[in-house]
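Asker: In our numbering, the protein residues as written are 2 to 462. Glycine residues also receive a C-beta, built at the ideal position from the N, C-alpha and C atoms.
1) Considering only the beta carbon of each residue, do residue 356 and residue 278 sit closer than 8 angstroms?
2) Could you tell me whether the Cβ atoms of residue 111 and residue 100 are closer together than 8 angstroms?
3) Is it the case that the Cβ atoms of residue 103 and residue 145 are separated by a distance below 8 angstroms?
4) Label residue 247 either buried or exposed according to how many other C-beta atoms from any shown protein chain fall within 10 Å of its C-beta, with 16 as the threshold for buried.
5) Is the Cβ-Cβ distance between residue 148 and residue 212 less than 8 angstroms?
6) Whole angstroms are fine: how far does the CA of residue 221 sit from the CA of residue 85?
7) Can you give the Cα-Cα distance for residue 340 and residue 298, rounded to whole angstroms?
8) Determine the direct distance from the alpha carbon of residue 260 to that of residue 47, and round the result to whole angstroms.
9) Based on DSSP bridge pairs, tell me the residues matched to residue 358.
10) Helix, strand or coil: how does DSSP classify residue 320 here?
11) Taking only the alpha-carbon atoms, compute the straight-line gap between residue 237 and residue 392 and give it to the nearest angstrom.
12) Can you round the beta-carbon distance between residue 295 and residue 242 to whole angstroms, since I take them to be within the 8 angstroms contact cut?
13) To the nearest angstrom, report how far apart residue 291 and residue 388 are at their CA atoms.
14) Which full runs of the alpha helix (DSSP H) of 4+ residues lie inside the stretch 123-182, going along the chain?
15) Measuring CB to CB, does residue 379 end up less than 8 angstroms from residue 361?
16) What residue does the alpha helix (DSSP H) around residue 262 start on, and which one ends it?
17) Helix, strand or coil for residue 197, going by three-state DSSP, please let me know.
18) Quick check on DSSP: helix, strand or coil for residue 372?
19) Can you look up residue 309 in the DSSP assignment and give me helix, strand or coil?
20) Given a threshold of 16 other Cβ atoms within 10 Å of its Cβ, counted over all protein chains shown, does residue 314 qualify as buried or as exposed?
21) Along the chain, where does the alpha helix (DSSP H) that runs through residue 342 open and close?
22) By alpha-carbon positions, which one of 331, 71, 346, 193 ends up nearest to residue 306?
23) Let's see if you can read the secondary structure: which residues bound the beta strand (DSSP E) around residue 104?
24) Label residue 91 either buried or exposed according to how many other C-beta atoms from any shown protein chain fall within 10 Å of its C-beta, with 16 as the threshold for buried.
25) Given this structure, state the Cα-to-Cα distance separating residue 173 from residue 167, to the nearest angstrom.
26) Output needed for residue 301: all residues of its chain with C-beta closer than 6 angstroms, excluding positions within five of it in sequence on either side, in chain order.
27) Is the beta carbon of residue 373 less than 8 angstroms from the beta carbon of residue 255?
28) Let me confirm a value: residue 369 is counted as buried when at least 16 other C-beta atoms fall within 10 Å, else exposed. Which label applies?
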């Protein structure tokens with residue numbers, strides 16, 4: 002009697018400690034959600050953008066990280082429930098020590114995979130170890146608590162549903178098959194069972210079939226949720242009118258490109274594009290026609306850029322194009338192609354008496370700036386300079402060929418820097434041209450290269 006009381010007290014103590022761990026996991030999850038909500042509230046007030054919080058991929062609604070957090074809580078609650086139930090009920094006195102050993106092994110697995118490194122990227126190996134470990138622990142628990150008659154057979158179902166929600170697809174069906182085979186093997190190899198009667202076979206069949214049914218239903222739900230999340234993230238990321246990336250992603254994308262270029266010592270260029278006369282189109286032909294023109298301009302920008310480039314809608318009629326690993330001359334060709342493409346829209350997207358054109362500012366890293374903010378300021382200044390020259394121009398800082406061939410040592414952001422010099426200007430299209438120095442890019446040569454590109458050549462950085 003005394004030993005039974007002592008065992009119950011010990012069981013209750015262990016279950017209480019695990020309960021505290023589960024409560025801590027739940028509270029941590031709530032705190033993380035509150036912190037995210039507070040960050041979103043700050044972002045609504047302008048202190049933090051969505052891109053600053055989530056990066057280029059957008060808001061992680063229903064993401065894998067959320068599923069992992071739920072899985073972590075389910076692990077702890079299952080361990081607490083099993084150990085508390087077995088210890089307090091004293092239902093399996095002959096195997097209680099082994100059952101608690103299984104529970105402690107499960108707790109160790111959760112600590113390693115979900116507590117020690119909860120924020121590290123989950124690898125396929127780690128997920129496989131977790132699933133196989135869970136199958137082994139559940140099978141051990143079922144064997145120790147009555148085999149086919151065990152009240153804990155349902156945990157096989159929980160495992161199959163968890164895999165369907167976090168991984169989905171054939172992986173969930175594979176785990177469901179493995180769980181069913183483990184359960185059937187345990188029932189078949191029961192040394193105390195001589196033969197199966199009708200009700201026992203029915204129970205085993207229902208338990209096995211229900212594992213597949215629940216895994217399938219959870220997989221259907223998870224796949225639908227993933228498709229919905231992908232659609233929402235795309236709608237959040239892409240401007241519906243122009244098909245370009247929304248401005249919220251520009252800051253993080255540009256900062257990442259600056260860091261990458263510092264590591265690789267490779268340049269990149271930035272184009273600031275502004276439509277000329279969109280207000281006149283809206284006033285003359287209506288805002289619906291203006292929206293048509295904006296859509297056509299977005300299409301022209303996408304056609305003129307590579308898959309590795311990023312084109313953003315920066316404002317109402319302003320756009321930014323990021324050209325990774327592209328030197329000044331390559332970026333100039335892209336800018337000229339965009340300018341000509343938009344100029345040609347006047348014949349198709351608007352009435353014949355309206356003219357479409359863009360003014361483009363062109364800057365490069367690190368010559369025109371060593372931070373995202375400096376580059377955007379320089380590009381904006383160059384773009385307004387192009388407008389001041391008569392619009393339908395490209396304005397930037399020309400690079401003589403000998404400078405193009407140089408390897409530029411990027412300046413670190415933390416180092417002291419002298420104020421950036423005001424860039425010189427080149428401009429093409431639309432109006433008269435000032436004489437160019439022999440070392441500057443020749444606009445005529447640029448046009449010849451554009452013509453060659455339009456005949457099928459691919460632009461290269």
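Answerer: In short, the structure shows the following:
1) Indexing the chain shown from 1 puts residue 356 at position 355. Indexing the chain shown from 1 puts residue 278 at position 277. Cβ distance < 8 angstroms, so residue 356 and residue 278 count as in contact.
2) Taking the first residue of the chain shown as position 1, residue 111 is located at position 110. Taking the first residue of the chain shown as position 1, residue 100 is located at position 99. Contact flag unset, no.
3) Counting from 1 along the chain shown, the entry for residue 103 is found at position 102. Counting from 1 along the chain shown, the entry for residue 145 is found at position 144. Yes, Cβ-Cβ distance for residue 103 and residue 145 is below 8 angstroms.
4) By one-based count along the chain shown, residue 247 stands at place 246. Flag for residue 247 reads buried.
5) By one-based count along the chain shown, residue 148 stands at place 147. By one-based count along the chain shown, residue 212 stands at place 211. No, they are not a contact pair.
6) On the chain shown, position 84 is the one that residue 85 refers to. On the chain shown, position 220 is the one that residue 221 refers to. Cα to Cα, the separation comes out at about 34 angstroms.
7) Mapped onto the chain shown, residue 340 falls at position 339. Mapped onto the chain shown, residue 298 falls at position 297. Cα to Cα, the separation comes out at about 10 angstroms.
8) Here residue 47 refers to the residue found at position 46 when the chain shown is read from its first residue. Here residue 260 refers to the residue found at position 259 when the chain shown is read from its first residue. Low per-residue confidence applies at residue 47: pLDDT is 36, beneath 50, and the placement is therefore not dependable, though the value from the model is reported in the following sentence. So the two alpha carbons sit approximately 25 angstroms from each other.
9) In the chain shown, residue 358 corresponds to position 357, counting from 1. Its beta-bridge partners are 277.
10) The residue you call residue 320 lines up with position 319 of the chain shown. Residue state, collapsed to three classes: strand.
11) For the purposes of this step, residue 237 is taken as the residue at position 236 of the chain shown. For the purposes of this step, residue 392 is taken as the residue at position 391 of the chain shown. Straight-line Cα distance between these residues: approximately 32 angstroms.
12) Within the chain shown, numbered from 1, the residue matching residue 295 stands at position 294. Within the chain shown, numbered from 1, the residue matching residue 242 stands at position 241. Yes, they are in contact, since the Cβ atoms of residue 295 and residue 242 sit about 6 angstroms apart, within 8 angstroms.
13) Stepping through the chain shown from its first residue, residue 291 is reached at position 290. Stepping through the chain shown from its first residue, residue 388 is reached at position 387. In a straight line, the C-alpha of residue 291 is about 20 angstroms away from that of residue 388.
14) 125-145, 155-167
15) Indexing the chain shown from 1 puts residue 379 at position 378. Indexing the chain shown from 1 puts residue 361 at position 360. It is not a contact, given that the beta carbons lie outside the stated cut-off.
16) Locating residue 262 in the chain shown gives position 261, where the first residue counts as 1. Residue 262 -> alpha helix (DSSP H) spans 251-265.
17) By one-based count along the chain shown, residue 197 stands at place 196. Three-state result, residue 197: coil.
18) Counted from its first residue, the chain shown places residue 372 at position 371. Residue 372: coil per DSSP, three-state reduction.
19) Your numbering for residue 309 matches position 308 in the chain shown. Coil.
20) What you label residue 314 is simply residue 313 of the chain shown in a count that begins at 1. Answer is buried; the Cβ neighbour count reaches 16.
21) Start at 1 with the first residue of the chain shown, and residue 342 comes out as number 341. Looking at the DSSP string, the run of the alpha helix (DSSP H) that includes residue 342 is 329-344.
22) Indexing the chain shown from 1 puts residue 306 at position 305. Here the closest residue by C-alpha is 331.
23) For the purposes of this step, residue 104 is taken as residue 103 along the chain shown, with counting starting at 1. Where residue 104 is concerned, there is no enclosing beta strand (DSSP E), although the alpha helix (DSSP H) it sits in stretches over 97-111.
24) Working through the chain shown from its first residue, we reach residue 91 at position 90. When all chains shown are included, residue 91 counts as exposed.
25) Here residue 173 refers to the residue found at position 172 of the chain shown. Here residue 167 refers to the residue found at position 166 of the chain shown. Roughly 9 angstroms between the two C-alpha positions.
26) Your numbering for residue 301 matches position 300 in the chain shown. Taken in chain order, the residues that qualify are 342, 343.
27) By one-based count along the chain shown, residue 373 stands at place 372. By one-based count along the chain shown, residue 255 stands at place 254. Yes.
28) For the purposes of this step, residue 369 is taken as residue 368 along the chain shown, with counting starting at 1. That one is buried.
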